[in-house]
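In numbering that gives the first Met the number 0, the protein residues as written are 0 to 872.
Every residue gets a Cβ at the ideal spot worked out from N, C-alpha and C, and that includes glycine.
Comments concern the structure below.
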Amino acid sequence: MKRVYSFNEGNGEMSDLLGGKGSNLAQLTRLKMPVPSGLTITTQACLEYLDEGQGQLNESLLEELNQHLLELEERTGKKFNDPNNLLLVSVRSGAKFSMPGMMDTILNIGLNDKNVEALGKVTGDERFAYDCYRRLIQMYGNVVYEIPMLYFDEILNEVKEENHYRFDYQLTAADLKQIITRYEQLFQNLLNHPFPQDVYEQIYGAVKAVFQSWNNDRARTYRRLNHIPHNLGTAVNIQEMVFGNLNEASGTGVLFTRNPATGEDELYGEYLLNAQGEDVVAGIRTPEPIAKLKEQHPAIYEELYTKVKELERYYRDMQDIEFTVEDGRLYLLQTRKGKRTAKAACRIAVEMVEAGIVSKDQALLTLDANAISQLLHPSFNPAALAEARIISDQGLPASPGAASGAVVFTSEQAVEWAQQGKRVILVRHETSPEDIEGMNMAEAIVTCHGGMTSHAAVVARGMGKCCVTGCESLSVNETSEVIDYPGGQLKLGDMISVNGDTGEIYLGEIERSINNENHYFDQILEWAQSAAGLKICMNAETKLDIEQGLKFGAEGIGLVRTEHMFFPPAALKSIRQFILASSSDERQAALDQIVQIQQADFESIYSVIKDRGAVIRLLDLPLHEFLPKTEQEIAKVANELSVAPEEIGSRIKNLAEQNPMLGHRGCRLAMTYPEIYLMQAEAIIRAAARMSQPDCQIVPEIMIPLVCSQEEITYLKKRMEAHLESIIEQEGWEMTYHIGSMIETPRACLIADQIAEVSDFISYGTNDLTQMTYGFSRDDVAKFLHHYLDQGVLEVDPFQQVDTVAVAELLQISVERARKVKPTIKLGICGEHGGNPASIQLFKQLGFTYVSCSPFRIPIAIIAAAQAEIAQH
0 MKRVYSFNEG NGEMSDLLGG KGSNLAQLTR LKMPVPSGLT ITTQACLEYL
50 DEGQGQLNES LLEELNQHLL ELEERTGKKF NDPNNLLLVS VRSGAKFSMP
100 GMMDTILNIG LNDKNVEALG KVTGDERFAY DCYRRLIQMY GNVVYEIPML
150 YFDEILNEVK EENHYRFDYQ LTAADLKQII TRYEQLFQNL LNHPFPQDVY
200 EQIYGAVKAV FQSWNNDRAR TYRRLNHIPH NLGTAVNIQE MVFGNLNEAS
250 GTGVLFTRNP ATGEDELYGE YLLNAQGEDV VAGIRTPEPI AKLKEQHPAI
300 YEELYTKVKE LERYYRDMQD IEFTVEDGRL YLLQTRKGKR TAKAACRIAV
350 EMVEAGIVSK DQALLTLDAN AISQLLHPSF NPAALAEARI ISDQGLPASP
400 GAASGAVVFT SEQAVEWAQQ GKRVILVRHE TSPEDIEGMN MAEAIVTCHG
450 GMTSHAAVVA RGMGKCCVTG CESLSVNETS EVIDYPGGQL KLGDMISVNG
500 DTGEIYLGEI ERSINNENHY FDQILEWAQS AAGLKICMNA ETKLDIEQGL
550 KFGAEGIGLV RTEHMFFPPA ALKSIRQFIL ASSSDERQAA LDQIVQIQQA
600 DFESIYSVIK DRGAVIRLLD LPLHEFLPKT EQEIAKVANE LSVAPEEIGS
650 RIKNLAEQNP MLGHRGCRLA MTYPEIYLMQ AEAIIRAAAR MSQPDCQIVP
700 EIMIPLVCSQ EEITYLKKRM EAHLESIIEQ EGWEMTYHIG SMIETPRACL
750 IADQIAEVSD FISYGTNDLT QMTYGFSRDD VAKFLHHYLD QGVLEVDPFQ
800 QVDTVAVAEL LQISVERARK VKPTIKLGIC GEHGGNPASI QLFKQLGFTY
850 VSCSPFRIPI AIIAAAQAEI AQH
């Protein structure tokens, strides 16, 4: 097994083995880009190291690594420990998928107490040499030996305060020597051994630290939140150092080939002169915008622009690029697909099609379907915004959106408060990878330092979170939990509002409104609708939801949940009268009231959806759900219905179940009280007849839920058809209607051929099917599921993304058996899995006719369906 590859041995197709960074560096080398020489240790070597669990690099890896390090010396013409031509290297992690800030970088490896003096003499800059060494000890101590960065910062800040310095670059060579001596004492005091002086010992320690960091808490959390498998491992990249902190003709930066927030076709990013790479990303100093480089060093800017645009055309996508300039010479350190907001993704996709860089299908495949929900983010109501008091207008708009919440200062506070149902804004000096959980729970993130490519900005954009960085006018005291701003002070729990589109922060909560106008998004949706093979429907029963779903492109309603219609006061009163009735006459009187209420509800639905189709599920909830729960509620209902409280209590007791989700609900309810379904079916066809027009004939689709046998369906369907036919004949209507079945149990999946024989259509309730296949109660699963996810026992929540093993096999068997009996039968999905992109890909492969999801997931489903269709062909 080959464990180490030089950059000139790999290529861009090898990300499984070389990681995203390593394969990209190999491809950049092949493209003759100015890339510092280096080598990559494979992800397989990482997994081998973790499996062996010895904490040591094995002999085979060491042999290969040492040989490649000798070759690196030959290629660069430099040598480790050569006082006249010193080779220094960086060690960076690089997993297959980009994980911003999750893994750690160490720069300047190869420096020690002796050769640091030689570096100062050769470069003619003693300060530069000792600054590099100071950084190495600090990064190495933190990453390899887990010495808290706070200890190093305390030493650094003490020396700055003693000399009344404000910035790191004001430190002299003498100051840096003093800091290095104190850093080395810190090593000795905490670890009982000195900072390693041997270059190979430094490299081996760094490699082991990167391997081990694959399993650190923040890396596992990031993978869990982004559905990245835990078994991939990380590669390690060892690369010749080039120095952005050599002099004022040197610098370092990060740029995107297009604006990652808006999608505008412009170089977007930041750089720092006389600085090293991590200074920009870590947000330690607030950098200059990339456009200013054009003024300061026009020749470098022109070369940079040409090279990065070449890369964008080659990769056919917007790129995120790290670069360094050493004494006027440009080097590219990394390129990768740039993370972007959904707003930017749509514009980039459309403009790249217009520029002839990609086809429409290729453009659709660049989109993250899940991220499209960002476009539906609310914005502040302009009138309310005009009245709001501004706290800061100096921040950078790092990630769009509008959010209000209570100020919190730590990741732990954000998690704790959010779990209590409170909306929070996480405010920090700057964020670090340890803040990932808090950032995920916060409505927005605000930092005082850092730029548009800092950790906070990159992670927030990836999460679709509103974020403002670089609010230098705010003074945050995380210990005292106060924020001073010009003209006032904020404390823990105070409400603020954050505008990620402008970088402004306001006092208090501001009313928000949804703005869906985006012609790039409209164009994408139009292309996706043309490409999608699956029909996309909505789960909806209110006029507002139906109108919203149609606006987003829904082709019909795949699920109307009629139980939701029983909760308004008049309907609730009538269904309670039915449940508590002591005679058939009383029950019928209640039903007569309900049928009128339900008919009005269905007319409301048909008035909006017209003849596009609406699958209406008959009552699914168990009856006890409609009865009061507490003694006070029982007394109130008894008074309303003029019955004794004891009578209600007795009925509640009679209807109580040990496991109601598997109990007296769905079609089982109709086996006991067939008049309920007859009443609902009557209301549906009366509504359809009333709302039909000569040019708009409504065909009702009535669905029987929770079926388990052919006999069950036959019994209920015959009674329903007899009742409906008598009404149709009596009214003299000409009407077509369909009666279908809802499959939600494993047994029903296995007898889908029998169910298809007696059903006009079949819809699958994947929420309940998942529940019954796993034996997980979806009402209680939150208590334990996170342990399964944290431990890697489950890769994803099966209630969010359909299980691709057992549930998928049940669906496959079911589809095959149903289509064997009725090749053209309409088969749909109506669980919320219908709005999950990964699940939609599976449903497309299995041959479903349509999927249905909540209105706000319709655009996601349309784009995911188009991507599934394109991928399949």
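- Cβ-Cβ distances below 7 Å link Leu190 to Tyr144 in the same chain, with the five nearest sequence neighbours on each side left out; the list follows chain order.
- Ranked by how close their Cα comes to the Cα of Val3, the residues Gln26, Ala44, Val820 and Met32 have Ala44 in first place.
- In the three-state scheme derived from DSSP, where H, G and I count as helix and E and B as strand, Met98 is classed as coil.
- DSSP places Met719 in the helix class (H, G or I) of the three-state scheme.
- Closest option to Leu155, judged by alpha-carbon separation, among Ile146, Asn141 and Gln137: Gln137.
- Burial of Asn258 is indicated by the presence of at least 16 other C-beta atoms within 10 angstroms of its C-beta.
- Taking the C-beta atoms as reference points, Ser22 is found nearer than 8 Å to Met13.
- The continuous alpha helix (DSSP H) containing Glu632 extends over residues Glu630 to Leu640.
- Judged by DSSP in its simplified three-state form, Cys852 adopts strand.
- Here Leu170 carries a coil assignment [DSSP, helix/strand/coil].
- Closest in alpha carbon position to Leu845, among Leu533, Ala539, Ala172 and Asn214, is Leu533.
- Annotated as distal: Ile727 and Ile754, with beta-carbon spacing of 8 Å or more.
- When DSSP states are grouped into helix, strand and coil, Phe601 belongs to the helix group.
- Put simply, of Ile578, Met660 and Ser691 the residue whose alpha carbon is nearest the alpha carbon of Ser649 is Ile578.
- Counting other Cβ atoms within 10 Å of its Cβ, Gln598 reaches 16 or more and is therefore classed as buried.
- For the pair Ile828 and Ser813, the CB atoms are not nearer than the 8 Å cut-off.
- Per the DSSP secondary-structure output, Phe379 pairs in a beta bridge with Arg511.
- In this structure, the straight-line span from the alpha carbon of Gln657 to that of Lys628 is close to 16 Å.
- With a threshold of 16 other beta carbon atoms within 10 Å, Asp112 falls short and is exposed.
- A residue is called buried when at least 16 other Cβ atoms come within 10 angstroms of its Cβ; Trp526 meets this threshold and is buried.
- The residue from Tyr203, Leu27 and Thr171 with its alpha-carbon nearest to that of Gln55 is Tyr203.
- Of the residues Met440, Ala128, Met98 and Arg511, the one whose Cα lies closest to the Cα of Thr409 is Met440.
- One thing to note: Asp360 has its Cβ within 8 Å of the Cβ of Ile869.
- Put simply, the backbone Cα of Met240 is about 44 Å away from that of Gln799.
- Pairing Gly19 with Arg335 gives a Cβ-Cβ distance under 8 Å.
- Note that the C-beta distance between Tyr763 and Leu810 is below 8 Å.
- Distance between Glu415 and Phe783, taken at the CA atoms: about 18 Å.
- The way I'd put it, the segment 222-229 doesn't touch the segment 173-180; fewer than three beta-carbon pairs between them come closer than 8 Å.
- Note on geometry: alpha-carbon atoms of Gln201 and Gly52 lie some 20 Å from one another.
- The shortest C-alpha to C-alpha distance from Ser403 to any of Ser512, Gly355 and Tyr221 is the one to Ser512.
- In the structure shown, Gln595 adopts helical secondary structure according to DSSP, grouped into three states.
- The three-state secondary structure of Pro288, taken from DSSP, is strand.
- Assignment of Lys78 by DSSP, reduced to helix, strand and coil, places it in the strand class.
- A straight-line Cα-Cα distance of about 11 Å links Lys291 and Leu272.
- Membership of Lys306 in the alpha helix (DSSP H) is indicated by the continuous run Pro297 to Tyr314.
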